[in-house]
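*Asks:* Submitted below is the structure of interest, expressed as structure tokens.
In the UniProt record's numbering, the protein residues as written are 1 to 312.
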């Protein structure tokens, strides 16, 4: 299957990255958003990504360590080749189409990547409305980080063309894309998404059967949960927890630095799926309450300028 038009539903932390990276790699990209307000909130995210790409590419001229795998499969680039990639980054930004219309988004779409909130009810409502407008050819994937595609396959109206496609954050640098089918996914469409991952300079991670959290979040979520538990139970503050992890392991980031990138809304939505979070006396309930306080204060992570840390 030849993918040309890509639609990303959702302009959050990862939705914006997936859309911009796909446009950077030459695809015709439309971003579907719920409201005009959502469009206005998404625009600064794309401007931030453009600036990151341009600044990092310029730095690559003098610092080979600045190379990001999502920019090019070839690390040894001369200045002219880097300048061409900078033009590509600007062209990607200029080419993005943002819309609130299901009909406009679905029109002639080859691939739709759902990247909306980790809320089963919202996802089901989106799929059922979207199905009214989809061409027969369209493949639909979810970027859900914790939910299984089999939970939603029948609601898409095309279970054989539906599967999971999950990215890490900062996809231009940490360029993994997990491809996971549900039992009803046809092999042809699994192979199509593996190829698309390669076409946008990702390394496809083939997850051979359904697994909550896939590979990455099966490793990452327990780590982040452990950090949040230490914070919620007042064992240590986020800065101390992060410092401990960085010093003791040599890792570049601790759990709260990672949470700021993931976004605290996503972290909160994951926590409240645990029934224990409804009890404020449990660790999960304490985590949910403390995350909700930060969200209500507008401290939702790096894109808001403040989460557990402040950002320029």
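The C-beta atom is built at its ideal place from N, Cα and C for all residues, glycine as well. Note that the structure is a prediction, hence the values are computed from the model and not measured.
Is residue 309 helix, strand or coil by DSSP?
*Replies:* Position 309 of the chain shown, counted from the first residue, corresponds to residue 309. In the structure shown, residue 309 adopts coil according to DSSP, grouped into three states.
*Asks:* Have a look at residue 161 and residue 7 and give me their C-alpha separation to the nearest angstrom.
*Replies:* The sequence position of residue 161 within the chain shown is 161, counting from 1. The sequence position of residue 7 within the chain shown is 7, counting from 1. Note on geometry: alpha-carbon atoms of residue 161 and residue 7 lie some 15 Å from one another.
*Asks:* Which of helix, strand or coil does DSSP assign to residue 5?
*Replies:* Walking along the chain shown from the start, residue 5 turns up at place 5. Three-state result, residue 5: strand.
*Asks:* Out of 243, 212, 213, point me to the one whose CA is closest to residue 227's CA.
*Replies:* Working through the chain shown from its first residue, we reach residue 227 at position 227. Checking every option, the nearest Cα to that of residue 227 belongs to 243.
*Asks:* Using the C-alpha atoms, what's the distance from residue 82 back to residue 72?
*Replies:* Counted from its first residue, the chain shown places residue 72 at position 72. Counted from its first residue, the chain shown places residue 82 at position 82. C-alpha separation (whole angstroms): 10 Å.
*Asks:* What first and last residue would you give for the beta strand (DSSP E) that runs through residue 141?
*Replies:* The residue given as residue 141 occupies position 141 in the chain shown. Counting along the chain, the beta strand (DSSP E) containing residue 141 begins and ends at 139-142.
*Asks:* Determine the burial state of residue 37: buried for a count of at least 16 other Cβ atoms within 10 Å of its Cβ, exposed for fewer.
*Replies:* Within the chain shown, the letter at position 37 stands for residue 37. Exposed, by the Cβ-count rule.
*Asks:* Specify, as a first and last residue, the run of the beta strand (DSSP E) that residue 204 falls within.
*Replies:* Here residue 204 is taken as the residue at index 204 of the chain shown, counted from 1. Boundaries of the beta strand (DSSP E) around residue 204: 203-206.
*Asks:* For the beta strand (DSSP E) containing residue 165, list its first residue and its last residue.
*Replies:* Residue mapping note: residue 165 aligns to position 165 of the chain shown, counting from 1. That run of the beta strand (DSSP E) goes 162-167.
*Asks:* DSSP puts residue 113 in a beta bridge; with which residues?
*Replies:* Taking the chain shown and counting its residues from 1, one reaches residue 113 at position 113. DSSP lists 8, 141 as partners of residue 113.
*Asks:* Nearest by alpha-carbon distance to residue 300: which of 286, 284, 272, 261 is it?
*Replies:* Here residue 300 refers to the residue found at position 300 when the chain shown is read from its first residue. Cα-wise, what sits closest to residue 300 is 261.
*Asks:* Strictly by DSSP, which residues pair up with residue 32?
*Replies:* As a position in the chain shown, residue 32 is number 32, starting the count at 1. Its beta-bridge partners are 9, 99.
*Asks:* Tell me the rounded alpha-carbon separation between residue 69 and residue 281.
*Replies:* Here residue 69 corresponds to residue number 69 of the chain shown, with the count starting at 1. Here residue 281 corresponds to residue number 281 of the chain shown, with the count starting at 1. Rounded to the nearest angstrom, the two C-alpha atoms are 45 Å apart.
*Asks:* Could you tell me which residues DSSP puts in a beta bridge with residue 273?
*Replies:* What you label residue 273 is simply residue 273 of the chain shown in a count that begins at 1. DSSP output for residue 273 lists no bridge partner at all.
*Asks:* Can you grab the Cα-Cα spacing for the pair residue 283 / residue 178, in whole Å?
*Replies:* As a position in the chain shown, residue 283 is number 283, starting the count at 1. As a position in the chain shown, residue 178 is number 178, starting the count at 1. Each residue's Cα considered, the two are about 30 Å apart.
*Asks:* The beta strand (DSSP E) spanning residue 181 covers which residue range?
*Replies:* Reading the chain shown from its first residue, position 181 is the one you call residue 181. 176-181 is the span of the beta strand (DSSP E), which, as asked, contains residue 181.
*Asks:* Please list, in chain order, all residues of the same chain as residue 115 whose beta carbon is under 7 Å from its beta carbon, the five residues on each side excluded.
*Replies:* Counted from its first residue, the chain shown places residue 115 at position 115. Taken in chain order, the residues that qualify are 8, 9, 10, 12, 14, 15, 18, 143.
*Asks:* Exposed or buried, what is residue 202 when buried is set at 16 or more other beta-carbons lying within 10 Å of its beta-carbon?
*Replies:* Walking along the chain shown from the start, residue 202 turns up at place 202. Classification of residue 202: buried, given that the 10 Å Cβ count is 16 or more.
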